[in-house]
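Participant:
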Amino acid sequence: MISNAGDGEIPLSSEMPPTVANKIQTKLTRAEFQVLHYEELLLLCNEQLLLVNNEHAVPSNASGNFANVADYVSASEAFDVSTMDENALVALRTMFTSAANAGFDEFYVTQGFRTQERQYELYANAADASFVARPGHSEHQTGLAADISYRGANIANSQQGTWLANNAHLYGFILRYPAHKTEITGFPAEPWHFRYVGQPHANYMHQNDLALEEYIEHLKSRGEITAAFAGIVYEIYYFNPGDSIELPHNNSFTSSRDNTGGIIVTVSQ
Ligand SMILES: [Zn+2]
86 MISNAGDGEI PLSSEMPPTV ANKIQTKLTR AEFQVLHYEE LLLLCNEQLL LVNNEHAVPS
146 NASGNFANVA DYVSASEAFD VSTMDENALV ALRTMFTSAA NAGFDEFYVT QGFRTQERQY
206 ELYANAADAS FVARPGHSEH QTGLAADISY RGANIANSQQ GTWLANNAHL YGFILRYPAH
266 KTEITGFPAE PWHFRYVGQP HANYMHQNDL ALEEYIEHLK SRGEITAAFA GIVYEIYYFN
326 PGDSIELPHN NSFTSSRDNT GGIIVTVSQ
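What follows is the structure, given as structure tokens:
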């Protein structure tokens with residue numbers, strides 16, 4: 086898909102390699118853009134939109150910027166909570182502060198990052214293995230998932246659980262395993278398990294009732310979508326191996342591989 090040079094669009098020169106269309110409505114000049122190929126973009130990727138489920142294992146080269154959970158939020162010492170992705174923790178802290186303002190001031194993280202070895206132990210010792218992902222297939226191994234309790238209690242069927250389910254998307258989290266998506270996610274309902282995906286993705290998924298699996302399929306089939314959050318408009322592009330993209334030189338975009346072979350690029354306008 087090549088963009089036509091129209092009103093407000095940046096024309097593509099004829100010498101340029103085939104690029105995926107960009108429709109970035111901006112005042113940037115030609116010199117402020119760069120063409121990035123899939124392989125170059127891969128090096129810039131974070132893991133924020135990594136799909137991990139029964140079909141897609143955590144990549145062996147997954148990386149992250151981890152921090153201590155207890156430095157950001159209340160972590161239950163009864164469980165093995167140690168570290169999580171730092172962006173997820175910052176968002177979690179903001180979410181817990183808002184929850185406290187709403188009257189729910191004792192949310193705890195009971196599970197954060199989990200190593201492959203720990204996942205093996207849990208899986209081997211599980212009374213009900215349907216709630217425990219196979220080693221290599223747990224979102225906790227990405228550091229982007231948090232299991233949340235309230236005053237040490239399970240938040241299923243509680244007003245605290247309802248508050249999180251209704252508000253987590255405002256802080257970049259999704260309720261990863263809702264009851265009505267079990268056939269898509271492959272997991273039974275887990276009202277306590279929240280996954281950080283960032284904005285505008287969390288908001289878009291919530292508004293359109295899409296599980297992460299469905300969101301990635303949605304992006305693949307559309308190629309690009311527009312999403313807005315907190316007054317900012319974003320263009321979201323899906324790239325396959327071999328694709329190229331024209332992106333601003335400045336830092337107004339982020340990219341994440343999706344763990345199904347594609348890269349999702351998010352450009353803020
Ligand atoms: Zn969990």
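Going from the sequence shown to my numbering is simple: count from 1 and add 85.
Every residue, glycine too, gets a C-beta built ideally from N, C-alpha and C.
Here the structure is a predicted model, which is why all the values come from computation and not from measurement.
1. Does ligand 2 have a heavy atom nearer than 7 Å to the CB of Ala-211?
2. Taking the C-alpha atoms as reference points, what is the distance between Ile-259 and Phe-279?
3. Compute the beta-carbon to beta-carbon distance between Gln-245 and Tyr-256, rounded to the nearest angstrom, for a pair I have assumed lies under 8 Å.
4. Ile-240 by DSSP, collapsed to three states: which one?
5. Taking all protein chains shown into account, decide if Ala-317 is buried (16 or more other Cβ within 10 angstroms of its Cβ) or exposed.
6. Does the contact criterion of 3 or more C-beta pairs under 8 Å hold for the region 187-201 versus the region 155-162?
7. Pull up the CB-CB distance for Ile-349 and Leu-134, whole angstroms please, since I reckon it's below 8 Å.
8. Is DSSP giving His-278 helix, strand or coil here?
9. Could you have a look at Ile-87 and say whether DSSP puts it in helix, strand or coil?
10. Given 7 Å as the limit, tell me if Asp-343 has its C-beta closer than that to any heavy atom belonging to ligand 1.
11. For Asn-153, which three-state DSSP category applies?
12. Which class does Ala-147 belong to by DSSP, given the choice of helix, strand or coil?
13. Taking C-alpha atoms, which residue in Arg-178, Gly-237 and Asp-343 lies nearest to Asn-325?
14. With DSSP as the reference, please indicate the residues paired to Tyr-235 in a beta bridge.
15. Classify Ala-220 as buried or exposed, calling it buried when 16 or more other Cβ atoms lie within 10 Å of its own Cβ.
16. Would you decide whether His-334 is buried or exposed? Buried here means 16 or more other CB atoms lie within 10 Å of its CB.
17. Helix, strand or coil: which one does DSSP assign to Gln-119?
18. So, with DSSP's three-state summary, where would you put Leu-260?
19. When the Cα atoms are used, what is the spatial distance from His-265 to Phe-272?
20. So Gln-204 and Ala-214 are supposed to be a Cβ contact under 8 Å. How far apart are they, rounded?
21. Can you find at least 3 beta carbon pairs, one from the region 138-147 and one from the region 238-252, that sit closer than 8 Å?
22. Residues in its own chain within less than 7 Å of His-187 by CB, not counting five upstream and five downstream?
23. Using the Cα positions of Ala-230 and Thr-267, report the straight-line distance between them to the nearest angstrom.
24. Which first and last residues belong to the alpha helix (DSSP H) in which Glu-202 is found?
25. Beta carbon of Gln-284, beta carbon of Phe-314: below 8 Å?
26. Can you find the residues in the same chain that come closer than 6 Å, C-beta to C-beta, to Gln-173, ignoring five residues on each side of it along the sequence?
27. Straight-line CA distance for Thr-351 to Gln-292?
Facilitator: To lay it out plainly:
1. Ligand 2 is absent from the structure shown, which contains only ligand 1.
2. 6 Å
3. Contact flag wrong, Cβ pair sits at about 15 Å.
4. coil
5. Sequence check: residue 317 is Ile here, not Ala. Result: exposed.
6. By the Cβ test, the region 187-201 is in contact with the region 155-162, since at least three Cβ pairs between them sit closer than 8 Å.
7. 5 Å
8. strand
9. Confidence at Ile-87 is low in this model, with a pLDDT of 34, below 50, so the placement of that residue is unreliable and no value is reported for it.
10. no
11. strand
12. In the structure shown, the three-state DSSP call for Ala-147 is coil.
13. Closest in alpha carbon position to Asn-325, among Arg-178, Gly-237 and Asp-343, is Asp-343.
14. Phe-192 and Ala-238
15. According to the sequence provided, residue 220 is Pro. The question's Ala does not apply to it. Classification for Pro-220: buried.
16. exposed
17. In this structure, Gln-119 counts as strand in the three-state DSSP scheme.
18. strand
19. 11 Å
20. About 12 Å separates the two Cβ atoms, so there is no contact after all.
21. no
22. Note that residue 187 corresponds to Ala in the displayed sequence, not to His. Same-chain partners within the cutoff: Trp-248.
23. 18 Å
24. 201-210
25. yes
26. Residue 173 is actually Ala in this sequence, not Gln. Contacts found: Leu-229 and Tyr-281.
27. 18 Å
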